[in-house]
Amino acid sequence: MAALKPCPPVAVFTLEQIQKELPPPHALLSLLADSFVLFSQGQVVLAPPSHLSFAAAGINADCCVKFAYAVGGALWVGKVAAGFYDNPAAGLPSSCGLMLLFDQKLGVPRGILLERGFLTDLRTAYAAALTARALAPRAARAVGLIGAGTIARLLLDVLPLATQCRALVVWARREAAAEELCALARRAGWEAAAAASPARVLAECDLVFTCTPSRAPLLTAADLRARGEGHALHLCALGADAEGKQELEPALVARAELLVADSKAQCLAFGELSHALRAKLVREDDARLIELGELLSSRVALQRGDHTDTRFTLADSTGIGASDLAIAQAVYANLVNFELPSGPPRHQWRNSLQATGAKL
């Protein structure tokens, strides 16, 4: 038997190196949009996510592991992402993790991205921006952020890609955190104010993002009714990415006229939709339910002119490995001057979004 060849060296990159090689914002938005479209078309294969809670150890933390590859791709990706939610009190970020890249034909490791959860958080914010570009009311009174952590901070940078609104209302469990985020937003050109409750955010804003690790509803159907009529609403829930997490009351979810899931399977298993499903307020075959990739590749729900003044759309984002694959590959390719294989033709999401008045 011939001697085996040694595996090629594995390149290891720090967060600082990774941040220098990020694609420009519009390019990143584009490649992540394509990742959702390809996933919904069955061109990206995901392993079932694995979740680990540290609650039994009395630690306010959880961890998620995801794997993905694209049909005809050059690399497959594994990602470990953890949230240790009490870290900010010690002056440390709550997010941590890394991404691993492997040769898709040979299986050998090619690269390690020590991104400390940054790429996971960033792709989450961009996913929120994609739903907002498609579904946000044209003349939103204000943008609402429920939560003031890492995702909320990234949304300040990403949301200008999705809306021209620069009025911001923030709620966080710690008033000081909300005020700190408001100060940061003002320096970035927003008009920002803190709210006394999540319900107040919902009452004053037409484009709302929930980004907390909550395990009990922060917004209810009663809060939605209190908004009254006359203002459309797009609500994007980002926090429920594992079993037990919940930011929205099922009765509120059931009121939505359109339900957008990054992955139907994941959202119905452990996202906000899972709670509504168990309450029998949403069905697995619900006619209102589509995937983000389906939304971006079709004209479904993208005709803003069809929106009524009382339209309520809801996006449930659990985070999918297709996005991890897309962002990890793009950064790795820039870092090592690696040429990725040309993928299928660009999809119709750009034309659909441009029809709504969005600028790319």
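Everything in the sequence shown is counted per this note's numbering, starting at 34 for the first residue and increasing by one.
Glycine is no exception: its CB is placed at the ideal position from the N, C-alpha and C atoms.
Since the structure is predicted, the reported quantities are computational estimates derived from the model, not experimental observations.
For residue i, does the three-state DSSP call read helix, strand or coil?
| i | result |
| --- | --- |
| Gly-111 | strand |
| Glu-49 | helix |
| Ala-35 | coil |
| Asp-318 | coil |
| Asp-154 | helix |
| Ile-179 | strand |
| Cys-215 | helix |
| Gln-299 | helix |
| Leu-71 | helix |
| Asp-349 | strand |
| Ala-173 | coil |
| Val-43 | coil |
| Ala-259 | helix |
| Arg-383 | Any reading at Arg-383 is ruled out, since the residue's pLDDT is 42, under 50, leaving its predicted position unreliable. |
| Thr-243 | strand |
| Leu-55 | coil |
| Leu-281 | strand |
| Ala-287 | coil |
| Ala-227 | strand |
| Gln-139 | Correcting the residue identity first, residue 139 is Leu in this sequence and not Gln. In this structure, Leu-139 counts as coil in the three-state DSSP scheme. |
| Ala-210 | helix |
| Ala-167 | helix |
| Ala-275 | coil |
| Leu-292 | strand |
When you compare only the Cα positions, how much space is there between residue i and residue j?
| i | j | result |
| --- | --- | --- |
| Phe-303 | Ile-353 | 12 Å |
| Arg-199 | Ala-228 | 16 Å |
| Ala-216 | Ala-225 | 8 Å |
| Ala-175 | Ala-363 | 33 Å |
| Arg-311 | Leu-322 | 16 Å |
| Ala-273 | Cys-300 | 9 Å |
| Thr-47 | Leu-147 | 5 Å |
| Pro-170 | Gln-197 | 11 Å |
| Leu-268 | Ala-249 | 17 Å |
| Ala-355 | Ala-236 | 34 Å |
| Gln-279 | Ala-254 | 14 Å |
| Gly-140 | Leu-358 | 15 Å |
| Glu-212 | Ser-230 | 13 Å |
| Ala-475 | Gly-91 | Because the chain in this structure spans residues 34 to 393, residue 475 falls outside the shown range and cannot be described. |
| Glu-305 | Leu-55 | 30 Å |
| Leu-285 | Thr-346 | 11 Å |
| Ala-173 | Leu-64 | 27 Å |
| Gln-381 | Val-70 | Any reading at Gln-381 is ruled out, since the residue's pLDDT is 40, under 50, leaving its predicted position unreliable. |
| Glu-372 | Ala-35 | 31 Å |
| Thr-183 | Pro-283 | 26 Å |
| Gly-75 | Ala-115 | 27 Å |
| Phe-151 | Glu-317 | 32 Å |
With a Cβ-Cβ cutoff of 9 Å, do residue i and residue j count as a contact?
| i | j | result |
| --- | --- | --- |
| Leu-79 | Leu-108 | no |
| Glu-324 | Ser-350 | no |
| Val-110 | Ala-101 | yes |
| Leu-201 | Leu-187 | no |
| Leu-266 | Val-234 | no |
| Ala-195 | Leu-163 | yes |
| Asp-319 | Leu-292 | yes |
| Leu-271 | Cys-244 | yes |
| Arg-149 | Gly-130 | yes |
| Leu-37 | Ala-167 | no |
| Ser-127 | Ala-275 | no |
| Ala-181 | Ala-210 | yes |
| Gly-106 | Val-369 | no |
| Ala-287 | Ala-259 | no |
| Leu-252 | Trp-223 | no |
| Ser-434 | Gly-263 | No statement about residue 434 is possible, as the shown extent of the chain runs from 34 to 393 and does not include it. |
| Val-77 | Ser-68 | yes |
| Leu-155 | Ile-360 | yes |
| Asp-95 | Pro-246 | yes |
| Glu-290 | Arg-219 | no |
| Leu-13 | Ala-165 | No answer is possible for residue 13: the residues shown for the chain start at 34 and end at 393. |
| Ala-348 | Ala-294 | yes |
| Tyr-159 | Leu-61 | yes |
| Val-43 | Pro-142 | yes |
Over the uninterrupted beta strand (DSSP E) stretch that includes residue i, give me the two end residues.
| i | result |
| --- | --- |
| Pro-250 | 248-252 |
| Phe-135 | 128-136 |
| Ile-145 | 142-146 |
| Ala-270 | 266-270 |
| Val-234 | No beta strand (DSSP E) holds Val-234; the alpha helix (DSSP H) holding it covers 231-237. |
| Leu-201 | 200-204 |
Can you check whether the C-beta of residue i is within less than 9 Å of a C-beta belonging to chain C?
| i | result |
| --- | --- |
| Lys-38 | Absent from the structure is chain C; it holds one protein chain and no more. |
Residue range of the alpha helix (DSSP H) that residue i falls in?
| i | result |
| --- | --- |
| Asp-357 | 354-369 |
| Leu-328 | 325-329 |
| Glu-305 | 305-311 |
> Which parts of the region 75-106 are runs of the alpha helix (DSSP H), unbroken and 4 residues or longer, counting only runs that do not cross its ends?
Replying inline: none
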